Amino acid sequence: MDSLIYPPYLSEGDEVVILSPSSKIDKSLLKGAQKRLESWGLKATIGKHAGSAAGKYAGSDKHRLKDLQEAFNNPKVKAILCSRGGYGAVHLIDKLDFTVFNQSPKWLIGFSDITALHNTIQANGFASLHAPMARHLTVESAEDACTVYLKNILFGELPSYSCPKHKLNHKGDAEGILRGGNLAVFYGLRATPYDIPAEGTILFIEDVGERPHAIERMIYNLKLSGVLSRLSGLIIGQFTEYNEDLSLGKDVYNAVADLVKEYDYPICFNFPVGHVVSNLPLIEGAKVSLKVTDKEVVLNFLC
């Protein structure tokens, strides 16, 4: 069990480009993210079409792909910050050329719809960074914990995370490769070349705006297809912006708990990752240890 290849960590003066591979964004948030990155001593540029709009998207497929491919192909670019999620990254993933990226890999940063790009980069053998995007970097203070964690990871300082216990947790210790992200996006790539392997994986999931029965249905897919039985660990993040109508006769966490109760690997609920301010940066493709006790949950990056 080995971690994927880490792109080089950043140094002061390195170039980071801000792109919009999915939905359109307020241009002020692009400027805000640029300012934050520059405060870290980085050279931050904004992609040509990052502030564009074509319906709900940040420009046409052609324009969004052009920005992303140019960043992939530029050896001076050391990291790519995706400005936001929404929808649209799936339009691009089968058109990306990794020929140059393979020789000069760079960190891709983002979450939500950007899960599609994380899966694609992992399929090509590289780690990436599930982390806050432009709005967070603009709105939250320089001392915000997740902002500081993001900066530290980019500069090579790996964190150790701990969070409180939850009554639904399964105690245990495990090591594995950390993979996952937005449940609906991950689910939409099942049985494609961009699916992720279950064996040896510590899977983390989160989602926004999904109705409880839709979340349960996606978890059922992971269960019935054998994915859940082959994991090394499971991290249940935040499910937000939905109506808790109890149509399942239970809340979302209890619905998920019922589906995973038979597994003897560590499982934690209410981990701080998702569409919330406390959205801890996670290295997709990293080898990690997950320890769930009756007092806390600890996640460590092992390399």
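If you read the sequence shown in the numbering used here, its first letter stands for residue 246, the second for the next number, and so on.
Glycine included, every Cβ here is placed at the ideal spot set by N, Cα and C.
Keep in mind the model is a prediction, meaning the values are calculated, not measured.
What three-state label does DSSP hand residue i in the structure shown?
i	result
residue 318	helix
residue 437	coil
residue 283	helix
residue 548	coil
residue 299	strand
residue 222	Here the chain covers residues 246 to 548 and nothing more, so residue 222 does not appear.
residue 304	coil
residue 379	helix
residue 502	helix
residue 326	strand
residue 474	helix
residue 512	strand
residue 431	helix
residue 276	helix
Starting from residue i, trace the beta strand (DSSP E) both ways and give me its first and last residue.
i	result
residue 485	478 to 485
residue 424	417 to 427
residue 366	First-last for residue 366: 360 to 368, but that is the alpha helix (DSSP H), not the beta strand (DSSP E).
residue 373	373 to 375
Can you find a CB in chain D that lies within less than 8 Å of the CB of residue i?
i	result
residue 458	In summary, chain D is missing from the structure at hand, where a single protein chain is found.
Can you tell which of the options has the C-alpha that lies nearest to the C-alpha of residue i?
i	options	result
residue 404	250, 546, 485 and 383	546
residue 402	526, 357, 331 and 346	526
residue 368	339, 278, 414 and 463	339
residue 452	331, 445 and 508	331
residue 421	299, 528 and 278	528
residue 506	540, 486, 491 and 468	468
residue 250	504, 410, 353 and 480	353
residue 480	329, 423, 299 and 306	423
residue 530	394, 301 and 362	362
residue 537	471, 494, 409 and 502	409
residue 426	419, 308 and 359	359
residue 500	457, 365, 541 and 259	457
residue 470	329, 444, 255 and 489	444
residue 298	287, 314, 320 and 266	266
residue 303	271, 284, 278 and 279	271
residue 523	260, 388 and 438	388
residue 477	447, 532 and 460	447
residue 248	310, 544 and 532	532
If I measure Cβ to Cβ from residue i and keep anything under 7 Å in the same chain, skipping five residues before and after, which residues do I get?
i	result
residue 210	Absent from the structure is residue 210, since the part of the chain shown begins at 246 and ends at 548.
residue 262	290, 292, 316, 322 and 325
residue 411	513, 514 and 515
residue 283	289
Looking only at its chain, what residues have a beta carbon closer than 6 Å to the beta carbon of residue i, apart from the 5 residues adjacent to it on each side?
i	result
residue 380	274
residue 483	451, 519 and 521
residue 355	327 and 378
residue 301	268
To which residues of the same chain is residue i closer than 8 Å at the C-beta, ignoring the five residues directly before and after it?
i	result
residue 509	415 and 417
residue 343	317 and 369
Could you tell me which residues DSSP pairs with residue i in its beta bridges?
i	result
residue 449	425 and 480
residue 541	409
residue 290	262
residue 536	418 and 543
residue 268	302
residue 529	373
residue 250	371
First and last residue of the alpha helix (DSSP H) that includes residue i?
i	result
residue 464	457 to 469
residue 353	Taken as a continuous stretch (DSSP letters only), residue 353 belongs to no alpha helix (DSSP H), being part of the beta strand (DSSP E) at 352 to 355.
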